[in-house]
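What follows is a short report on a single structure.
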Amino acid sequence: MVDAEIVVDKLRYINEYTNDLKQMRGMSKAEYVDDLIVQRAVERTFMNLIQSCIDLAQHIRASEGLSPSGTAKNEIASLGNAGILSPDVQEQMEEAVGFRNVLAHRYGDVNHDVVYDVLHDDLHWFDQFQQETAQWFQQRN
Numbered sequence: 001m002v003d004a005e006i007v008v009d010k011l012r013y014i015n016e017y018t019n020d021l022k023q024m025r026g027m028s029k030a031e032y033v034d035d036l037i038v039q040r041a042v043e044r045t046f047m048n049l050i051q052s053c054i055d056l057a058q059h060i061r062a063s064e065g066l067s068p069s070g071t072a073k074n075e076i077a078s079l080g081n082a083g084i085l086s087p088d089v090q091e092q093m094e095e096a097v098g099f100r101n102v103l104a105h106r107y108g109d110v111n112h113d114v115v116y117d118v119l120h121d122d123l124h125w126f127d128q129f130q131q132e133t134a135q136w137f138q139q140r141n
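First residue of the sequence shown? That's 1 in the working numbering, and the numbers climb one at a time after it.
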């Protein structure tokens, strides 16, 4: 059974990290690329945000007996397969898992232009993930 406290906590973290990232927007791409401190703050916040999404997906998948499990992308896919996430949100969140892996494990050099673009263009996907999982949770109770 899904633990309401875990769901609420993870949704709160997702909301907080998304809002933090929204507050970090506003500088030009050139300023961002030149500011190592801001880059590190943005990257770390993205990693925390995406990990919170993965943790929530894992909790729902395990509690509801959904499959598949195994990888972080599979945790997200299980929510899509169960109809909790829309296909577009599932796809974008699976891409976010790959993005988190690049940031966390430093596969090659992080492309700061890409991080800047994600910061400015893609935060709405995290809002949508939060909305869809919260709606599922509310409808279920």
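Ideal Cβ placement from N, Cα and C applies to all residues, glycine included.
Tell me which same chain residues have a C-beta within less than 8 Å of the C-beta of residue i, skipping the five on either side of it?
i, result
"V89", "G80, W125, Q128, F129 and E132"
Could you round the C-beta distance between residue i and residue j to whole angstroms and report it? I think they count as a contact, below 8 Å.
i, j, result
"D113", "K29", "7 Å"
"L56", "V7", "7 Å"
What residue does the alpha helix (DSSP H) around residue i start on, and which one ends it?
i, result
"R140", "L123 to R140"
Below 6 Å CB to CB, which residues in the same chain sit around residue i once its five sequence neighbours on both sides are set aside?
i, result
"V82", "It should be noted that the sequence gives Ala, not Val, for residue 82. Closer than 6 Å at Cβ, skipping near neighbours: L66."
"A96", "I50"
Leaving out the 5 sequence neighbours to the left and right, which residues in its chain are closer than 7 Å to residue i when beta-carbon positions are compared?
i, result
"D20", "T45"
Which runs of the alpha helix (DSSP H), 4 residues or longer, sit entirely within the stretch 56-109?
72-81 and 87-105
Pick out the complete alpha helix (DSSP H) segments inside the stretch 11-53, 4 residues or longer, and give them in chain order.
29-34
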